[in-house]
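Engineer: Residue numbers (the numbering used here): 11 to 215. Virtual Cβ for every residue (Gly too), placed ideally from N, Cα, C. Given the structure is predicted, the values throughout are model-derived calculations rather than measurements. Can you keep this structure in mind? I'll have questions shortly.
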Amino acid sequence: KLTTGHASFFPFFSLRSIARFVWISYGCRYKISDRLLEKFQAYCLKRARHFSLHDISLTLWGFTQQQMEVRPEVLQQMYEMSIKHLDKEFHTEAFVHVVWSLSVRNKVGLNRGAVLVERYEQEILESVHTLSGYDASKLFCSLSFLDCMTAGLCEKLVKIIEARAHSYDESQLQSILNAADALDVDLCPPTLRDTLKMQLDATAA
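See the structure below:
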């Protein structure tokens with residue numbers, strides 16, 4: 011567990027190091043204490059305007075996987091900076107990570123995520139084919155959860171997911187299936203559900 015004692019190292023961290031530290035703590039299943047998280051959030055709020063899009067996506071992902079709520083002003087700052095970077099140069103993978111992070115938290119996050127999807131729908135449509143199977147599944151689940159899936163995006167994402175179904179573990183398959191079940195039948199083809207169920211059966215066997 012990471013505590014406030016680690017805060018003394020802040021002056022020696024680069025902005026990217028802070029972003030990676032928060033993100034890696036989630037990946038390694040470390041719980042950051044609430045007091046240290048408050049310090050991290052204050053640090054990031056003060057310096058967020060200097061974060062790259064990659065830094066923002068890592069930091070948001072890490073923050074939203076911790077139990078403590080992300081301060082609204084931190085979310086807003088990260089959201090505004092995401093738009094600034096994406097308007098300048100759209101990056102599909104980072105976009106997916108930001109939208110996913112905003113979709114897993116609260117109603118404020120849900121609203122922001124849906125706005126981003128609407129704002130960059132054309133860019134996503136043109137570049138979604140470049141996503142890995144993992145990121146395609148994250149975007150699919152996010153769009154379903156945010157209730158902003160479009161027919162065009164669904165068609166492209168389903169193709170990727172069906173082609174990569176064998177690479178997902180049981181938890182990922184179930185998450186995608188839950189997202190598919192939440193979508194209108196006319197929007198999401200039954201072939202996806204059939205593929206996911208077959209793969210789940212094969213994984214459990």
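Indicate the three-state DSSP secondary structure (helix, strand or coil) for residue 158 in the structure shown.
Structural biologist: coil
Engineer: Quick one: measure Cβ to Cβ for residue 135 and residue 171, integer angstroms, because I've assumed they're closer than 8 Å.
Structural biologist: In fact, because the Cβ distance is near 16 Å, the residues do not count as touching under 8 Å.
Engineer: With a 10 Å radius around its C-beta and 16 neighbouring C-beta atoms as the bar for buried, classify residue 102 as buried or exposed.
Structural biologist: It counts as buried.
Engineer: Roughly how many angstroms lie between the CA atoms of residue 86 and residue 61, to the nearest whole one?
Structural biologist: 14 Å
Engineer: Secondary structure at residue 130, three-state DSSP: helix, strand or coil?
Structural biologist: coil
Engineer: Please identify the residue among 98, 56, 114 whose C-alpha is closest to the C-alpha of residue 88.
Structural biologist: 56
Engineer: Take residue 15 and list the residues in its own chain whose beta-carbon comes closer than 7 Å to its own, dropping the five residues that flank it on each side.
Structural biologist: With a pLDDT of 46 at residue 15, under the threshold of 50, the predicted position of this residue should be treated as unreliable, though the coordinate-derived value follows. If you ignore the 5 residues before and after residue 15, its C-beta comes within less than 7 Å of no other C-beta in its own chain.
Engineer: Three-state secondary structure (DSSP) at residue 178?
Structural biologist: Coil.
Engineer: Whose C-alpha, out of 81, 82, 67, is nearest the C-alpha of residue 92?
Structural biologist: Per the Cα distances, 67.
Engineer: Let me make sure I understand the geometry here. Which of 181, 196, 194 has the alpha-carbon closest to that of residue 214?
Structural biologist: 181
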